[in-house]
Amino acid sequence: MDPTMDPTTGPPMDLPKVPTTMKAWLYSGTSSGLEKNMYLDETARVPPAPKGDEVLVEVLSSALNPADFKVPEMGPHARYLAIGMPATPGMDFCGRVVTTGPGAPFKPGELVYGCHSMPVKFGTLAKYLSISSKLIAPLPEGVSVDDAASLGIAGQSAFQALTGYVKEGDKVFINGGSGGCGVFAIQLAKSMGCFVAVTCSTRNVELCYRLGADEVFDYTAVGDLVGALKKKGIVFDHILDHIGLPSDLYYQCHHFLRPGGVFVQVGASALTTFVGRVAWPSFLGGGKRKYVIFFFKNTREHIVKLGELVQQGTLKLNFDSKYEFENAVKAFERLRSGRARGKVLVHVADPQEDTSAVVNDFLFQ
């Protein structure tokens, strides 16, 4: 059959023209930090033509996550085996479908959002990317490109770290309420009918209350966080730890986490922290509550659910900062600083392209 033939109508159709090169941020090493090794290549190779259920997407916006630099920096073996060099950073995105493999349920021109499951060779800080249809969803009407581009890693992580563990009326403690995952976790826990207590620094107290937190521990003012939690008694049903500090938070959590409650660790500073907490028995001073290491699972079902929550107004995105494509290194520097209040986003589309207009033009044409 003629590849330009539309099987539903018969007449030849115009196939999208895909360039062979593109602008992309690349890194070939991580010494002294990934962002110090990034360079903008204006003639980078476009990903191979999509096969099976894959789609080639023109990227409009990409949100950054700590894993974007932490995974490549884990060491040479993990870095080269999992990613290969040179590579483009970035996992979260929203963009426009350019062309598809024969098994993809999307059409050219359709706006989609989603994320890679881990850092890959062809990441999202590039004009084009290729991804499985199983990992993306159509952009819901009324949801902005920037909002959708920020849901993938942090949104799914918060959703999965709460779903299946909490129920209406539970009291949830979130260690780290103002970061990328924390701002999602507060709102999601509240939408599930939970009482939410969080930690943050002084400058983020107002933000956490605005997101819906019922109680906020300012760790810069409290000093001894574990001591402050002990004074409350055994009141919490679930703990979600994004920070990994203070170091004795898990070992002392039986003083404020109910029997049957679960301590979920999302992103401690080192793998040894995980191993030590799991292997150290309670009779030797280890933790006396169930400890769960969070493992991210990338699914279209959860991507769709998060998009619906944004569409309904239940989930609101909080952006720390937005950068143009040429300033992606500065975006990484902001993310690594640890002072970001919400998501750090990079506009990959050309500055003159109004992404809100893109949404409206596509949805209502």
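First residue of the sequence shown? That's 1 in UniProt numbering, and the numbers climb one at a time after it.
Built from N, CA and C at the ideal position, the CB exists for glycine as well.
Note that the coordinates shown come from a computational prediction; the quantities given were computed from them, not determined experimentally.
Straight-line spacing of the CA atoms in residue 106 and residue 55 works out to 8 angstroms. With contacts defined by Cβ atoms closer than 8 angstroms, residue 65 and residue 154 form a contacting pair. Contact fails between the segment 165-181 and the segment 82-91, because fewer than three Cβ pairs, one in each stretch, are under 8 angstroms apart. Across the structure, residue 67 and residue 157 are spaced so that their CA atoms are roughly 12 angstroms apart. Checking the DSSP bridge columns, you'll see residue 182 has no partner listed. About 18 angstroms separates the Cβ atoms of residue 212 and residue 239, ruling out a contact at the 8 angstroms cut-off. CA-CA distance, residue 206 to residue 91, rounds to 30 angstroms. Secondary structure of residue 115 (DSSP, three-state): strand.
Under the three-state reduction of DSSP, residue 194 is assigned to coil, being neither helix nor strand.
Residue pairing from DSSP places residue 130 in a beta bridge opposite 56. Annotation for residue 172: no alpha helix (DSSP H) segment contains it, though the beta strand (DSSP E) segment containing it runs 171-175. Around the beta carbon of residue 247, fewer than 16 other beta carbons sit within 10 angstroms, so the residue counts as exposed.
As the crow flies, the alpha-carbon of residue 23 is around 31 angstroms from that of residue 316. Residue 131 holds the alpha-carbon nearest to the alpha-carbon of residue 101 among 131, 114, 233, 142.
Between residue 60 and residue 96, the CB-CB gap stays under 8 angstroms. Looking only at 73, 294, 127, 119, the smallest Cα-Cα distance to residue 43 is reached by 127. Nearest Cα to residue 233 within the set 323, 336, 254, 245: 254. In its chain, beyond the 5 residues on either side, 83 have a beta carbon closer than 7 angstroms to the beta carbon of residue 120. Each residue's CA atom was taken as its position, placing residue 184 and residue 215 some 16 angstroms apart. Residues of the same chain with a CB within less than 7 angstroms of the CB of residue 19, apart from the 5 flanking positions on each side, are 46 in chain order. In the DSSP assignment, residue 300 falls within the unbroken alpha helix (DSSP H) covering 300-312. Spatial neighbours of residue 306 in its own chain (CB-CB distance under 6 angstroms, excluding positions within 5 residues in sequence) are listed in chain order as 151, 155. Contact annotation, residue 41 with residue 133: C-beta distance approximately 27 angstroms; criterion of less than 8 angstroms not satisfied. Per DSSP, the beta bridge partners of residue 100 are 55.
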